[in-house]
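The block underneath contains the structure these notes are about, expressed in structure tokens.
Below, the structure is given as structure tokens:
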């Protein structure tokens, strides 16, 4: 059997990991990957820098005066021009405008995109990996997933060039490790999860949510600035970085009680790097927790405090809406959160909350859900 260059982990290798562990956990798989591939480990197999993950260091807010480099747009080839005309003619009703197409379409262009990331954005990628910005949509992300997911770049080549670059140029370890974790860790883990779990697994509806999306989720007119910006970027570019996808769009779809397949459909429709193998685990598992947590321990939900902490979005009425969505979700799923040590303390905060504030934010949330879903 020939191993696909689209991934660096053979199905047999992931099966060996799966069979040796009781549960599917990214951290266990990632350590195994680093040792197996001899990436950022010493002669004893211990991690460079003394720890396997520097994720705790990768949560800084983007300073106002720090301007990430603009993403360069490759020139269109003759084929691109022909395809743009065809797409406009046949799919003009679809989101976005093909005239704004901005992605590499050749191997050479993809290679230049990788080199540009390594030279211009890798060094600060780690620090601001989780940052949200109303001004800079890419921040310091690589934007290489669309290229890897169709084969213009392979993860093996991406890692080889990245590690060679880091040997020649001073690169912060938290940035290098963070990028290695995304490519050889999370991407490979998600593909393995997809191959391991049966199709019926993703059809579950753990929370019993049934609400459907209204046009606001396609037009970017919900009234929540971080969400509307993410929707607008998805509509115009087909891309959001992972925090916009998980902690903005996915989080708010879950808190609005959106039916899982409706949320999944939106993610598949809106992103240029979408594919079943990557979207099913990320949407049903990470964003919605609708499959019950086969490889996660809790839903990734947040209120306005986190969104403001990680961004430049000012406080406004939208905060009341998001907080109402968050706390009403916690209220309605009290039994779940009581059983989870990592989230049990939230119930105490809810109990101590002033009654007038609870009423105000719950009312704002109810009005929002009624307006943007059906």
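Numbering (my numbering), first residue to last: 1012 to 1385. Every residue, glycine too, gets a C-beta built ideally from N, C-alpha and C. What you are looking at is a predicted structure, and each value in this text was computed from that prediction instead of being measured.
Query: As an exercise, report each continuous alpha helix (DSSP H) stretch of at least 4 residues that is fully enclosed by the region 1123-1171, in chain order.; Result: 1133-1136, 1156-1161
Query: Suppose you measure from the CA of residue 1372 to the CA of residue 1336; what does that come to, to the nearest Å?; Result: 8 Å
Query: Thinking C-beta only, is residue 1204 closer than 9 Å to residue 1169?; Result: no
Query: Residue 1249 and residue 1107 look like a contact to me (Cβ under 8 Å); what is the Cβ gap, rounded to whole Å?; Result: 6 Å
Query: Out of 1318, 1124, 1094, 1110, which one is the CA nearest neighbour of residue 1334?; Result: 1318
Query: Anyone know if the C-beta pair for residue 1273 and residue 1260 falls short of 9 Å?; Result: no
Query: Kindly indicate the opening and closing residues of the alpha helix (DSSP H) around residue 1205.; Result: 1198-1207
Query: Could you give the DSSP three-state label for residue 1380: helix, strand or coil?; Result: helix
Query: In the DSSP assignment, the alpha helix (DSSP H) including residue 1258 goes from what residue to what residue?; Result: Element bounds for residue 1258: n/a, residue is neither H nor E.
Query: Along the chain, where does the alpha helix (DSSP H) that runs through residue 1050 open and close?; Result: Here residue 1050 belongs to no alpha helix (DSSP H), and DSSP marks it neither H nor E.
Query: So, with DSSP's three-state summary, where would you put residue 1361?; Result: helix
Query: Can you list, in chain order, the residues of its chain whose CB lies under 6 Å from that of residue 1037, leaving out five sequence neighbours each side?; Result: 1200
Query: Residue 1220 lies in the alpha helix (DSSP H); which residues open and close that run?; Result: Run containing residue 1220: none; DSSP gives neither H nor E here.
Query: Hey, how far is the Cα of residue 1013 from the Cα of residue 1166?; Result: 16 Å
Query: Go ahead and label residue 1097 buried or exposed: buried means 16 or more other beta carbons lie within 10 angstroms of its beta carbon, across all protein chains shown.; Result: exposed
Query: When you compare each of 1366, 1347, 1217, 1263 to residue 1302 by their alpha carbons, which one comes out closest?; Result: 1217
Query: Determine the direct distance from the alpha carbon of residue 1099 to that of residue 1052, and round the result to whole angstroms.; Result: 49 Å
Query: Drop a sphere of 10 angstroms on the beta-carbon of residue 1192, count the other beta-carbons inside from all chains shown, and report buried for 16 or more, exposed for fewer.; Result: buried
Query: Quick one, which of 1131, 1159, 1385 has its alpha-carbon nearest residue 1151's?; Result: 1131
Query: Helix, strand or coil for residue 1224 per DSSP?; Result: strand
Query: I'd like the span of the alpha helix (DSSP H) that includes residue 1015, first residue to last.; Result: Per DSSP, residue 1015 belongs to no alpha helix (DSSP H) and is neither H nor E.
Query: Let me check one thing: in DSSP terms, what residues is residue 1078 bridge-paired to?; Result: For residue 1078, which the question treats as bridged, DSSP gives no partner whatsoever.
Query: Could you check whether the Cβ of residue 1087 sits closer than 9 Å to any Cβ belonging to chain D?; Result: Absence of chain D from the displayed structure is noted, only one protein chain being present.
Query: If you reduce the DSSP assignment to three classes, tell me which class residue 1098 lands in.; Result: helix
Query: Are there 16 or more other CB atoms within 10 angstroms of the CB of residue 1345, so buried, or fewer, so exposed?; Result: exposed
Query: Identify every residue that forms a DSSP beta bridge with residue 1236.; Result: Bridge partners of residue 1236: none, in fact.
Query: Alpha carbon to alpha carbon, how far is residue 1252 from residue 1054? Give it in angstroms, no decimals.; Result: 35 Å
Query: Are the CB atoms of residue 1386 and residue 1237 nearer to each other than 9 Å?; Result: With the chain running from 1012 to 1385 in the structure shown, residue 1386 is simply not present.
Query: Could you spell out the range, first to last residue, of the alpha helix (DSSP H) harbouring residue 1271?; Result: 1271-1281
Query: By how many angstroms is the C-alpha of residue 1185 removed from the C-alpha of residue 1065?; Result: 5 Å
Query: Exposed or buried, which one is residue 1357 when buried takes at least 16 other CB atoms within 10 Å?; Result: buried
Query: The alpha helix (DSSP H) with residue 1297 in it runs from where to where?; Result: Residue 1297 -> no alpha helix (DSSP H), and no H or E assigned at all.
Query: Between which two residues does the alpha helix (DSSP H) containing residue 1026 stretch?; Result: 1022-1030
Query: Pick helix, strand or coil for residue 1058, following the three-state DSSP scheme.; Result: strand
Query: Helix or strand or just coil, what does DSSP make of residue 1290?; Result: helix
Query: Is the region 1292-1309 touching the region 1265-1281, taking contact as three or more C-beta pairs under 8 Å?; Result: yes
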